[in-house]
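Worksheet: the structure to be examined is printed underneath.
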Amino acid sequence: MIISGAGVPQIPITEVKTGEGFGGVGATSGAGPAGSFADKLATAVDGVSDKQLAADDKLAQLASGENVDLHGTMIALEEAEITLRTMTAVRDKVVGAYQEIMNMSI
Amino acid sequence: MNLLDTLQVTASGLTAQRLRLQTVASNMANARTTRTEEGGPYRRQVPVFEAVRDDPFGSDLDRAMARVEVMGVVETDDPPVMVHDPGHPDADAEGYVAYPNVNVLEEMVDMMTTARSYEANANVLEVTDSMANTALEIGR
Amino acid sequence: MANVLFDGLHQGLGQVLNLRMAQHALTAANLANADTPGYKAKFIPFDEVLGKAVEQGKSSNMRTTHGRHSAGLSANIDDPRVTEIEAAPWVADGNSVDIEREAVRLKENATMYGGVSRGLGKRLAMLKFAASNGER
């Protein structure tokens, strides 16, 4: 769905992995590549996108009468919204933390 | 076609059914009326319904939309019911009285179907209202 | 910009709502003419009109920028087909309106309208949330 393009910040995931941008946060914590913060973030963004797509699928099927699953569609839409909101909340926290670190006087 | 047109169509249905109920009431009330202004017994009245298309040249959908209109109320030609009752002031030479061609049982059935049709239209009105409210909630 | 924000599914949903509204008007007309001699009950065959809508939408609205793409809905249905129901031969006045059938269609249609419009609203709410930078 377009949400992933319009609302979620366009974080260049591949660049994050190389240690730039947000990756700096994960890299300094010294985590391995498997459990790095960048990976978690990438999974989260994908999760939001997946939920949106799943909800879209359900809604399209409902509208076309292919599969009239009223509650299933509403649940999928709610899940999509909640993941989106969670993701946004996490992003805000991360950005806040990043700024705090950047403003730290050393 | 929009919600307001739909409301007009439903209103036409309600009006038609109410008029039909009026004729039923008239028929029932006059089931034994032997005198009328035109002379002779009362004659059973029936409304004539016609489907009226507002836009006969529009799209498939526009052409399909039809209101109902009462084109008039006609008196039926069925012969009156002749009952032998020589004491009746309206009895003819042979002692037969011409009673209206109204069958009360038939009128009762008509009354029930009228009520059901009226109810159905009223139901549509309610659903139209709820759909309008749903539409107004988009993006709320 | 508008096309980026409002995808094929969004437009398809709007058209489905149009169709549902049209079906509602048809049901209203059918019930208004429940006792009109010779009147034929009419309805939109949703199975036929929307049967292939999802697949068509997928092929025409595929987003090449992304591997996965949103389920499109190609409901290009400005002038949908309207089907008439023939009256049963034993019906004296040739009227084919069945009040019970129409009552069911009325409710079913309103439910679908409500469901689709709720879904559309939810999608818009998410867009709004994203567009307002996560506020509210």
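So the sequence lines, in the order shown, correspond to chains L, X and H.
Mapping of the first sequence onto my numbering: residues 334 to 439, in sequence order.
Mapping of the second sequence onto my numbering: residues -9 to 130, in sequence order.
Mapping of the third sequence onto my numbering: residues 472 to 607, in sequence order.
The beta carbon of each residue, even a glycine, is placed where N, CA and C say it ideally should be.
DSSP places V87 of chain X within a strand segment (E or B) once states are collapsed to three. In terms of CA proximity to T406 of chain L, L:L386 leads the group L:S438, L:F370, L:M420 and L:L386. For the stretch 567 to 578 of chain H, the residues whose beta carbon sits under 8 Å from a beta carbon of chain X are, in order, I570, E573, A574, L577 and K578.
The C-beta of S382 of chain L has 16 or more other C-beta atoms within 10 Å across all chains shown, which makes the residue buried. Annotation: the continuous beta strand (DSSP E) that includes G62 of chain X extends over A56 to E65.
Neighbours of F517 of chain H across chain L, judged by C-beta separation under 9 Å: S397 and G398. Rounded to the nearest whole angstrom, the C-alpha separation of G48 of chain X and M55 of chain X is 10 Å. P551 of chain H and M101 of chain X have their C-alpha atoms spaced approximately 37 Å apart. Restricting attention to X:R106, X:G77 and X:A125, the CA atom closest to the CA of R589 of chain H is found in X:A125.
For M492 of chain H, the number of other beta carbons within 10 angstroms of its own is at least 16, and it is reported as buried. Between L(-7) of chain X and A122 of chain X, the CB-CB gap stays under 8 Å.
Secondary structure of M18 of chain X (DSSP, three-state): helix. Exposed is the label assigned to R22 of chain X, since fewer than 16 other Cβ atoms lie within 10 Å of its Cβ. In this model, A413 of chain L and A388 of chain L are separated by some 7 Å (Cα to Cα). At a C-beta separation below 9 Å, F39 of chain X has these neighbours in chain H: N504, D506, T507, P508 and Y510. Per DSSP, the beta-bridge partners of Q35 of chain X are X:E65. Burial is judged here by how many other beta carbons sit within 10 angstroms of a residue's own beta carbon; Q432 of chain L has fewer than 16 and is exposed. Within 7 Å of the CB of G585 of chain H, the CB atoms of chain X belong to T124, in sequence order along the chain. Boundaries of the beta strand (DSSP E) harbouring H74 of chain X: V71 to H74, taken from the DSSP string.
Residues of chain H with a Cβ closer than 8 Å to the Cβ of T0 of chain X are, in chain order, A499, L502 and A503. Taking a beta-carbon distance threshold of 8 Å, A413 of chain L counts as an interface residue toward chain H.
For L374 of chain L, no Cβ of chain H is located within less than 8 Å of the residue's own Cβ. Remark: C-beta atoms of P76 of chain X and P90 of chain X do not approach each other more closely than 8 Å.
Listed along chain H are G586 and G590, each with a C-beta nearer than 8 Å to that of T406 of chain L.
In the assembly as shown, L395 of chain L is a buried residue. Its beta-carbon has 16 or more other beta-carbons within 10 Å. Contact holds between the stretch 499 to 508 of chain H and the stretch 105 to 121 of chain X, because three or more Cβ pairs, one in each stretch, are under 8 Å apart. M597 of chain H has a beta carbon lying within less than 8 Å of a beta carbon in chain L. DSSP places R43 of chain X within a strand segment (E or B) once states are collapsed to three. For F514 of chain H, the beta-bridge partners assigned by DSSP are H:T554. Around the beta carbon of E573 of chain H, a 10 Å sphere encloses 16 or more other beta carbons of the protein chains shown; the residue is thus reported as buried. Within chain X, S49, D50 and L51 have C-beta atoms less than 9 Å from the C-beta of D550 of chain H, given in sequence order. Taking 8 Å as the CB threshold, H481 of chain H stays off the interface with chain X.
Within the same chain, T118 come within 7 Å of L(-3) of chain X by CB-CB distance, once the 5 residues on both sides are set aside. The residue from X:V94, X:N93 and X:P79 with its alpha-carbon nearest to that of V87 of chain X is X:P79.
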